[in-house]
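Structure, as structure tokens:
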Amino acid sequence: MDINLIDIYNKLLEHYGYQKWWPGETQDEIIIGAILTQSVNWKNVEKAIKNLKRERLCTLKEIHKTPLETIAPLIRPTIYFNRKAEKLKNFAKFIYTEFDGDLDRMFSRDPAELRKKLLVVKGIGEETADSILLYAGNLLFFVIDAYTKRVFSRMGFIEEDSSYAEMQQFFINNLPLDVALYNDFHAQIVMLAKTYCKKRNPDCGRCPIAIYCQKQYS
Numbered sequence: 007m008d009i010n011l012i013d014i015y016n017k018l019l020e021h022y023g024y025q026k027w028w029p030g031e032t033q034d035e036i037i038i039g040a041i042l043t044q045s046v047n048w049k050n051v052e053k054a055i056k057n058l059k060r061e062r063l064c065t066l067k068e069i070h071k072t073p074l075e076t077i078a079p080l081i082r083p084t085i086y087f088n089r090k091a092e093k094l095k096n097f098a099k100f101i102y103t104e105f106d107g108d109l110d111r112m113f114s115r116d117p118a119e120l121r122k123k124l125l126v127v128k129g130i131g132e133e134t135a136d137s138i139l140l141y142a143g144n145l146l147f148f149v150i151d152a153y154t155k156r157v158f159s160r161m162g163f164i165e166e167d168s169s170y171a172e173m174q175q176f177f178i179n180n181l182p183l184d185v186a187l188y189n190d191f192h193a194q195i196v197m198l199a200k201t202y203c204k205k206r207n208p209d210c211g212r213c214p215i216a217i218y219c220q221k222q223y224s
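Residue numbers (the numbering used here): 7 to 224.
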């Protein structure tokens, strides 16, 4: 089968509509959300962010100044909240140590070099780094997550044991280099994985892109 990811994207867009992702009023909030969402449902992240906003702590500046023991209880709705509080502190320290707290300055760096720097920050993996770069920085990095792997391995486009870099390169090779497209396509994949291409009992009969799929479960 010829790979035409734009056709797949257009089918998803027609079905779900534009996703307006990532939810967040500021770059700081997007970055905080990207760290908090590791291994947890987004609804729990929203509760944690609401708590931080209530205490006026939903900025990297305030995270940097605020003691760990103050932050951790506020993000309790996210699992591993003590560890995630440390990750938030680590990232805030990085921003202020490397860029004097200036996100515009950070995102103006060479993207590939910046990604390397982010991956050195304790608690920031590839998915989180790319989410920060794409959604907060409008930089050209396609985000790979468990949903992406599930959908596109079932469709037969990538191997289940592919590395993060291999999966990411697949999208880079088969999509126009467009930040808005990368942004919404990833959000569309997440929607598909949550509604039809579920981990258990996928609903292939109603899937809007079933015609492209090599595995039909129902």
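For each residue, glycine too, the CB sits at the ideal point set by N, CA and C.
Let me know if residue 66 comes out buried or exposed under the rule of 16 or more other beta-carbons within 10 Å of its beta-carbon.
The residue is buried, with at least 16 neighbouring Cβ atoms inside 10 Å.
How would you label residue 35, buried or exposed, when you count the other beta carbons within 10 angstroms and need 16 or more for buried?
By the Cβ neighbour-count rule, residue 35 is buried, with 16 or more other Cβ atoms within 10 Å of its own.
Closest residue to residue 81 among 106, 70, 207 and 51 (Cα-Cα distance):
Looking at 106, 70, 207 and 51, the one whose alpha-carbon comes closest to that of residue 81 is 51.
Count the other CB atoms within 10 Å of the CB of residue 193; is the residue buried (16 or more) or exposed (fewer)?
Buried.
Got a sec, what are the start and stop residues for the alpha helix (DSSP H) residue 79 sits in?
If you look at residue 79, you'll find it in the alpha helix (DSSP H) that goes 74–80.
CB-CB length for residue 39 against residue 92, believed under 8 Å
With 8 Å as the limit, residue 39 and residue 92 do not qualify as a contact, their Cβ atoms being about 17 Å apart.
Please classify residue 47: does DSSP put it in a helix, a strand, or coil?
Correct three-state label for residue 47: coil.
Examine the Cβ distances between the stretch 159–166 and the stretch 132–148 and report whether three or more of them are shorter than 8 Å.
No: fewer than three Cβ pairs fall under 8 Å.
Among 210, 59, 54 and 121, which residue has its Cα nearest to the Cα of residue 84?
Looking at the Cα atoms, 54 is the closest of the given residues.
Taking contact to mean at least 3 C-beta pairs separated by less than 8 Å, is the stretch 8–15 in contact with the stretch 113–120?
Because the criterion of three Cβ pairs below 8 Å is not met, the stretch 8–15 and the stretch 113–120 do not touch.
Every unbroken alpha helix (DSSP H) inside the stretch 146–179 [4 residues or more]:
DSSP runs (the alpha helix (DSSP H)) wholly in the stretch 146–179: 152–160.
Start and end of the alpha helix (DSSP H) containing residue 41?
First-last of the alpha helix (DSSP H) with residue 41: 33–42.
As assigned by DSSP and simplified to three states, the class of residue 130
Here residue 130 sits in coil by DSSP.
On the premise that residue 205 lies in contact with residue 156, defined as a C-beta separation below 8 Å, what is that separation, rounded to the nearest angstrom?
At roughly 7 Å, the Cβ-Cβ gap stays under 8 Å, so residue 156 and residue 205 are in contact.
On the criterion of 16 or more Cβ atoms from any shown chain inside 10 Å, does residue 47 qualify as buried, or is it exposed?
The residue in question, residue 47, is exposed, as its Cβ has fewer than 16 Cβ neighbours within 10 Å.
When we look at the beta-carbon of residue 143 and count the other beta-carbons within 10 Å, is it buried (16 or more) or exposed?
Counting Cβ neighbours within 10 Å, residue 143 comes out buried, since at least 16 surround it.
C-alpha distance - residue 30 paired with residue 169, whole-angstrom precision
Cα-Cα distance, rounded: 29 Å.
Just mark residue 183 as buried or exposed, buried being the case when its beta carbon has 16 or more other beta carbons within 10 Å.
Within 10 angstroms of the beta-carbon of residue 183 lie fewer than 16 other beta-carbons, which makes it exposed.
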